[in-house]
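Participant: Pasting in a structure now, in structure tokens, and then I'll have a few things to ask.
Numbering (my numbering), first residue to last: 319 to 717.
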């Protein structure tokens, strides 16, 4: 009788899927943008985790926390690609995830301290809860996607145990357990969420709206760039204005603007067209938008940290940790864009390769240089890449 009641309950619910034949059903909705506001706060928390004195341990901790935050956001973006966020049950899901995300983001600064269990529990509840909701929404609607999320839920439950165990532990044990959990989370999609008996998911079964996911990821790049702008403005306001600070302010803004130009002038639009027209958009979404975009966004956040350091102490000689941040951000950004654009145009973008070579030159020159000098140099390289890329993109159209 219980089985019959459960089956009746599941079969009586409304269809929550997006209607892709309607252009309005393909757009990014207001509730999705509202959901993103939590991650504006999370990005701020992450960038501040490396300050005021970056170190190798801080960098590893921040990278792990970024990976967890990104995995929550991108998984949710996949879900809202399948489900209609304007349906009340899906809206309620997103609001519940927002609440969990706020708790998770608030615990980031002390995630490796007293609030480790809060961070881990928030992450686990959000991931498992969202997957269970998808099972409920897909039951009797899409057999292949239901089986896909059955596999996903099993993986989520398994890694949730590691996250919680890490939250209960401390020190190096916490880091090791969380690192293992994150590697399994990130690797699960690459492995097709393989589960004994149930098998594995294949990307051809992931019927997604590629343009929607591309727009969502471009939106997160804007969130990260917005953190750079916010940090630049806030730190500049608090500083004693002097020629070095003014130059640092200019370098920070121009570097951020160059990052925007490199990504959005051609890459974002090309990516949207590429995935929308692809025969297997699920494969492209997994590689380019789930993994490669994580590199691009991490680089932009690291760039915000570099700008903050520069404006705080522009004339101070850059130490090894500061150089790692100042040089790592643009190098990582160029590498992420190389991987992204190579998949789109079928070749390595020469402008980006030259930019990497110039960054290596800056790295060799940077020993003993001030934070300001290194930031100016890396920003100049990004500007060169942006101009070169823009001219290269427009030249064929002009013929």
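From the three backbone atoms N, C-alpha and C, an ideal C-beta is built for every residue, glycine too.
DSSP on residue 517, reduced to helix/strand/coil?
Facilitator: By 1-based counting over the chain shown, the position of residue 517 is 199. Strand at residue 517.
Participant: From 474, 416 and 564, pick the residue whose C-alpha is nearest to that of residue 453; which is it?
Facilitator: Working through the chain shown from its first residue, we reach residue 453 at position 135. That would be 474, whose Cα lies nearest to the Cα of residue 453.
Participant: What's the gap between the Cα of residue 620 and the Cα of residue 515?
Facilitator: In the chain shown, counting from the first residue as 1, residue 620 sits at position 302. In the chain shown, counting from the first residue as 1, residue 515 sits at position 197. Their Cα atoms are separated by approximately 42 Å.
Participant: Between 638, 660, 611 and 427, which has its C-alpha nearest residue 537's C-alpha?
Facilitator: Sequence index remark: in the chain shown, residue 537 carries index 219 (1-based). Considering only alpha carbons, the answer is 611.
Participant: Can you give the Cα-Cα distance for residue 573 and residue 664, rounded to whole angstroms?
Facilitator: The residue you call residue 573 lines up with position 255 of the chain shown. The residue you call residue 664 lines up with position 346 of the chain shown. Looking at the two C-alpha atoms, the distance is approximately 27 Å.
Participant: What are the boundary residues of the alpha helix (DSSP H) that includes residue 546?
Facilitator: Position 228 of the chain shown holds residue 546. Segment 528 to 556, the alpha helix (DSSP H) holding residue 546.
Participant: Can you tell me whether residue 506 is buried or exposed? The criterion is at least 16 other CB atoms within 10 Å of its CB, across all chains shown.
Facilitator: Start at 1 with the first residue of the chain shown, and residue 506 comes out as number 188. So residue 506 counts as buried.
Participant: Would you mind working out which of 554, 467, 414 and 660 sits nearest residue 356, comparing C-alpha positions?
Facilitator: Position 38 of the chain shown, counted from the first residue, corresponds to residue 356. Measuring from the Cα of residue 356, the nearest candidate turns out to be 414.
Participant: Would you call residue 337 buried or exposed, if buried means 16 or more other Cβ atoms sit within 10 Å of its Cβ?
Facilitator: Here residue 337 refers to the residue found at position 19 when the chain shown is read from its first residue. By the neighbour-count rule (16 or more Cβ atoms within 10 Å), residue 337 is not buried but exposed.
Participant: May I ask you to report which of helix, strand or coil DSSP gives residue 372?
Facilitator: Translated into positions along the chain shown, residue 372 becomes position 54. The answer is coil: DSSP assigns residue 372 none of H, G, I, E or B.
Participant: Which value, in whole angstroms, describes the spacing of the CA atoms of residue 703 and residue 671?
Facilitator: Taking the first residue of the chain shown as position 1, residue 703 is located at position 385. Taking the first residue of the chain shown as position 1, residue 671 is located at position 353. One C-alpha to the other measures close to 9 Å.
Participant: Tell me where the alpha helix (DSSP H) around residue 441 begins and ends.
Facilitator: Position 123 of the chain shown, counted from the first residue, corresponds to residue 441. Note, residue 441: alpha helix (DSSP H), 434 to 456.
Participant: Identify every run of the alpha helix (DSSP H) within the stretch 603 to 649, keeping only runs that are complete inside it and at least 4 residues long; order them along the chain.
Facilitator: Qualifying alpha helix (DSSP H) stretches, in chain order: 611 to 630.
Participant: Measuring alpha carbon to alpha carbon, tell me which of 544, 500, 613 and 525 ends up nearest residue 595.
Facilitator: Position 277 of the chain shown, counted from the first residue, corresponds to residue 595. Closest option to residue 595, Cα to Cα, is 525.
Participant: Rounded to the nearest angstrom, what separates residue 551 and residue 518 at their Cα positions?
Facilitator: The residue labelled residue 551 in the question sits at position 233 within the chain shown. The residue labelled residue 518 in the question sits at position 200 within the chain shown. One C-alpha to the other measures close to 48 Å.
Participant: Is residue 650 near the ligand COA - that is, is its Cβ less than 7 Å away from at least one heavy atom of it?
Facilitator: For the structure depicted, the ligand COA is absent and the ligand set is empty, with no information on it obtainable.
Participant: Determine, using beta carbons only, whether residue 369 and residue 626 come nearer to each other than 8 Å.
Facilitator: Counting from one through the chain shown, the residue named residue 369 turns up at place 51. Counting from one through the chain shown, the residue named residue 626 turns up at place 308. Yes, they are a contact pair.
Participant: In the DSSP output, what is residue 383 paired with across the bridge?
Facilitator: Mapped onto the chain shown, residue 383 falls at position 65. Answer by DSSP bridge pairing: none, since residue 383 is not bridged.
Participant: Have a look at 605, 651 and 638 and flag the residue whose alpha-carbon is nearest the alpha-carbon of residue 622.
Facilitator: On the chain shown, position 304 is the one that residue 622 refers to. Of the candidates 605, 651 and 638, the one whose C-alpha sits nearest the C-alpha of residue 622 is 651.
Participant: Give me, in chain order, the residues of the same chain whose beta-carbon lies closer than 7 Å to that of residue 487; leave out the 5 immediate sequence neighbours on both sides.
Facilitator: Working through the chain shown from its first residue, we reach residue 487 at position 169. Cβ neighbours of residue 487 beyond the five flanking positions: 495.
Participant: Apply the 10 Å Cβ neighbour rule to residue 491 and answer buried if 16 or more other Cβ atoms are within range, or exposed otherwise.
Facilitator: For the purposes of this step, residue 491 is taken as the residue at position 173 of the chain shown. It counts as exposed.
Participant: Between 464, 437, 439 and 396, which lies nearest to residue 450 when the distance is taken from Cα to Cα?
Facilitator: Residue numbering aside, residue 450 sits at position 132 when the chain shown is read from its first letter. The option with the nearest alpha carbon to residue 450 is 464.
Participant: I'd like the span of the alpha helix (DSSP H) that includes residue 571, first residue to last.
Facilitator: Start at 1 with the first residue of the chain shown, and residue 571 comes out as number 253. Run containing residue 571: 561 to 580, per the alpha helix (DSSP H) assignment.
Participant: With a threshold of 6 Å on Cβ separation, who are the neighbours of residue 390 within its own chain once the five nearest residues in sequence on each side are excluded?
Facilitator: Taking the chain shown and counting its residues from 1, the one referred to as residue 390 is at position 72. Hits under 6 Å: 444.
Participant: Could you please give the first and the last residue of the uninterrupted alpha helix (DSSP H) stretch that includes residue 666?
Facilitator: Here residue 666 refers to the residue found at position 348 of the chain shown. Careful: residue 666 lies outside any alpha helix (DSSP H) and carries neither H nor E.
Participant: Could you please give the first and the last residue of the uninterrupted alpha helix (DSSP H) stretch that includes residue 473?
Facilitator: One-based indexing of the chain shown puts residue 473 at position 155. 461 to 486 is the span of the alpha helix (DSSP H), which, as asked, contains residue 473.
Participant: Do residue 583 and residue 399 count as a contact pair if the criterion is CB distance below 8 Å?
Facilitator: Counted from its first residue, the chain shown places residue 399 at position 81. Counted from its first residue, the chain shown places residue 583 at position 265. Against a cut-off of 8 Å, the Cβ pair of residue 583 and residue 399 comes out as no contact.
Participant: For a test of the three-state rule: what should DSSP assign to residue 335, helix, strand or coil?
Facilitator: Taking the chain shown and counting its residues from 1, one reaches residue 335 at position 17. Looking at residue 335 - three-state DSSP - the assignment turns out to be strand.
Participant: Would you kindly check if the distance between the Cβ of residue 586 and the Cβ of residue 593 is under 8 Å?
Facilitator: Sequence index remark: in the chain shown, residue 593 carries index 275 (1-based). Sequence index remark: in the chain shown, residue 586 carries index 268 (1-based). Contact: no.
Participant: Ignore the nearest five residues each way along the sequence and tell me which others in residue 387's own chain have a CB closer than 6 Å to its CB.
Facilitator: Taking the first residue of the chain shown as 1, we reach residue 387 at position 69. Correct list, in chain order: 360.
Participant: Where residue 504 and residue 634 are concerned, what is the direct C-alpha to C-alpha distance, given to the nearest angstrom?
Facilitator: The count along the chain shown starts at 1 and reaches residue 504 at position 186. The count along the chain shown starts at 1 and reaches residue 634 at position 316. Approximately 38 Å, taken between the alpha carbons.
Participant: How is the alpha helix (DSSP H) around residue 588 delimited, first residue to last?
Facilitator: Looking up residue 588 in the chain shown gives position 270. 586 to 595 is the span of the alpha helix (DSSP H), which, as asked, contains residue 588.
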